[in-house]
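*Asks:* Mind having a look at this structure? Questions to follow.
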Amino acid sequence: MAILLPQQFYNLAASVGKSYYENLAGGTNASITVNNFGPFPVDLVVTRVNAPVITYLIPAGNSLTLSVDLLLVAALLTTPAGASTGTIQIATADF
């Protein structure tokens, strides 16, 4: 069964990070969509079970959608270049 979590808006100052999803009980399959409306890039930081932490840079005015297995944490981190704003939405699946 899939669960679409509510869309979350972010407005982060330069060099600030925030977690938007955490499942520390073993991870879950998920889809992550990030829209960056701000004038500066934002990093999507993905932590999965038994896998290295991966960071995806999302340039200003762009979006990214990922499907990941066994997601533990999804977080956003702004660069020292400046603040960023946009949305993040996560859908989890238990199959």
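Here the sequence shown is numbered in the numbering used here, starting from 1 and rising by one per residue. Built from N, CA and C at the ideal position, the CB exists for glycine as well. As the structure is a computational prediction, the values presented were derived from the model and not from experiment.
Check whether the stretch 3-17 and the stretch 74-94 touch, using three or more Cβ-Cβ pairs below 8 Å as the test.
*Replies:* These segments touch.
*Asks:* Of the residues LEU77, SER67, ASN50, which one's Cα is nearest the Cα of LEU57?
*Replies:* What you label residue 57 is simply residue 57 of the sequence shown in a count that begins at 1. Comparing Cα positions, the closest option is LEU77.
*Asks:* Between which two residues does the beta strand (DSSP E) holding GLY26 run?
*Replies:* Here residue 26 is taken as the residue at index 26 of the sequence shown, counted from 1. From DSSP, GLY26 is part of no beta strand (DSSP E); its letter is neither H nor E.
*Asks:* What residue range does the beta strand (DSSP E) around GLN7 cover?
*Replies:* Counting from one through the sequence shown, the residue named residue 7 turns up at place 7. Note, GLN7: premise wrong, no beta strand (DSSP E); not H, not E.
*Asks:* Work out the CA separation of ASP43 and ASN29 for me, nearest whole Å.
*Replies:* Position 29 of the sequence shown, counted from the first residue, corresponds to residue 29. Position 43 of the sequence shown, counted from the first residue, corresponds to residue 43. In a straight line, the C-alpha of ASN29 is about 20 Å away from that of ASP43.
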